[in-house]
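Numbering (this note's numbering), first residue to last: 59 to 241.
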């Protein structure tokens with residue numbers, strides 16, 4: 059089976075957990091809370107690449123306050139040789155010290171990378187640091203310190219894709235959230 063046929067088969071067989079309308083409502087809800095909480099600030103919004111690209115775009119289009127936008131790209135290796143530390147592929151250019159910082163990502167799953175990102179950003183001494191995610195996966199494997207202040211949707215413990223989340227590096231662009239059949 060070709061990669062294209064395999065990708066189409068994955069989507070055709072997937073379960074739609076949240077359609078585009080439900081996802082839009084979640085973005086609206088997150089943005090409403092952010093508009094209330096950040097109305098009198100000039101925050102720095104940081105997009106977590108790659109998955110956070112879609113959530114950042116959708117959420118920031120709904121914001122009614124001015125903000126500065128930047129991005130970060132980080133990965134965390136779980137191998138024993140690196141100790142699970144954060145590897146920066148790209149750090150934010152903007153100064154974080156004394157700033158209200160809002161990190162936007164697609165999903166909070168186990169949260170190890172998000173915990174490492176939060177700890178690394180706190181070293182820059184921001185005034186405040188909050189995280190917004192479109193979705194959180196509900197399970198008992200969450201890293202103890204992993205959390206987000208703004209969450210749009212709760213997902214079952216399944217392999218999900220769409221809205222920035224990928225399956226085999228594909229289908230991030232889907233406006234709904236899908237779960238791979240059988241997983």
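Ideal placement from N, C-alpha and C gives every residue a C-beta, glycine not left out.
In the three-state reduction of the DSSP assignment, residue 207 falls in the coil class, being assigned neither a helical nor a strand state.
Across the set 152, 77 and 235, the C-alpha of 235 shows the shortest separation from the C-alpha of residue 222.
Secondary structure in the stretch 101-180: the beta strand (DSSP E) runs of 3 residues or longer, each lying completely within the stretch, are 102-106, 126-134, 144-148 and 158-166 in chain order.
Shown here, residue 186 sits in a strand according to DSSP, grouped into three states.
Shown here for residue 116: same chain residues with a beta carbon closer than 6 Å to its own, the five before and five after excluded, namely 85 in chain order. In its chain, beyond the 5 residues on either side, 225, 229 and 236 have a beta carbon closer than 6 Å to the beta carbon of residue 219. Judged by DSSP secondary structure, residue 85 falls within the alpha helix (DSSP H) whose first and last residues are 78-95. Secondary structure of residue 232 (DSSP, three-state): coil. When Cβ pairs closer than 8 Å are counted between the two stretches, the stretch 99-110 is seen to touch the stretch 120-135, the count reaching three or more. Looking at 148, 72, 179 and 186, the one whose alpha-carbon comes closest to that of residue 216 is 72. By the beta-carbon neighbour count (other beta carbons within 10 angstroms, threshold 16), residue 165 is buried.
Residue 64 sits in a helix when the DSSP states are folded into three classes. With a cutoff of 8 Å on beta-carbon distance, residue 203 and residue 173 are scored as near each other.
Closest option to residue 152, judged by alpha-carbon separation, among 163, 184 and 171: 184. A distance below 6 Å between beta-carbons, with the five flanking residues on each side excluded, links residue 186 to the following residues of its chain, in chain order: 158.
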